[in-house]
Each structure stands twice: as C-alpha cells, then as structure tokens.
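Report on the following structure.
In the working numbering, the protein residues as written are 24 to 147.
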C-alpha cells in the first residue's frame, strides 16, 4: 500500500516521483523503442501497480504530474493510431479504460424502450 505522506511504495520518496516519471518519457521510452507508452508500462517502471498509480492522481504534491503523464500517454497513442500503428478499437478501449474518456450520446437521438408483458396491454 502506498504511504502518500513521504514515501512511494517504500521505494523512493514521493517528491522523487516527478523525476522518475520524467525519466520514463525522456530516457526509458527512448532507450526502449519497442515499448509503447502506456499506463501499465509507466506503473511497472515506477515499481507500483496501476491501481497505486491511479490512486496517486489525487495526491496534493504529485497528482498533477501523474495526470499530465497520463495525458502524454494518451497523446502518444492517438498519434500512433493516426499513423495506423494502433487500431482504432484498441485505442478506444484504452482511452476509456485508462484515461476516463466516454462516448458522447448522439444529439437529437431518441431513447428506445422495449416493453413486454402487461405493459403492452396498457397502450391499447
């Protein structure tokens, strides 16, 4: 469990987390071009679980840095999708699962209700 006051997963101080995140983008991904930036590889690099990383998004000191990192990851994946290196279905799943995206309801669309049983008799 993460101790959010001073240490992050007992590996390093919470204040060191922004530096570790920056090194993920500026060193690790560059040195490992076969790895695509994603929340899971960032979590593994930081030696924590995906849930632990997500829980730190609300942390006063490092939350914004984590949210910015996740935004960078989403931007990288969108660019890969635009270039045909990630298929659209996988991108949509990832954006919903890891980045909080939601599909917009269609404008002007009508709700469809299917009634069965006694309700059908009420309409007569």
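Don't be surprised by glycine CBs; every beta carbon is placed ideally from N, CA and C.
Determine the burial state of residue 47: buried for a count of at least 16 other Cβ atoms within 10 Å of its Cβ, exposed for fewer.
Looking at its Cβ environment, which holds 16 or more other Cβ atoms inside 10 Å, residue 47 is buried.
Check whether residue 114 and residue 101 have beta carbons under 8 Å apart
Taking C-beta atoms as the reference points, residue 114 and residue 101 count as a pair closer than 8 Å.
Roughly how many whole angstroms lie between the Cα atoms of residue 36 and residue 90?
Roughly 19 Å between the two C-alpha positions.
Using CA atoms only, rank isn't needed, just tell me which of 51, 67, 99 is closest to residue 118.
For the set 51, 67, 99, the Cα lying nearest the Cα of residue 118 is the one of 99.
By the 10 Å Cβ neighbour count, where 16 or more other Cβ atoms means buried, how is residue 53 classified, buried or exposed?
Flag for residue 53 reads exposed.
C-alpha gap between residue 106 and residue 38, whole angstroms
Approximately 36 Å, taken between the alpha carbons.
Exposed or buried, which one is residue 96 when buried takes at least 16 other CB atoms within 10 Å?
With 16 or more other Cβ atoms from the protein chains shown falling within 10 Å of its own Cβ, residue 96 counts as buried.
Reducing DSSP to helix, strand and coil, say where residue 43 ends up.
In the structure shown, residue 43 sits in a helix (DSSP, three-state: H, G or I).
In terms of residues, what are the limits of the alpha helix (DSSP H) holding residue 76?
From DSSP, the alpha helix (DSSP H) with residue 76 extends over 73 to 78.
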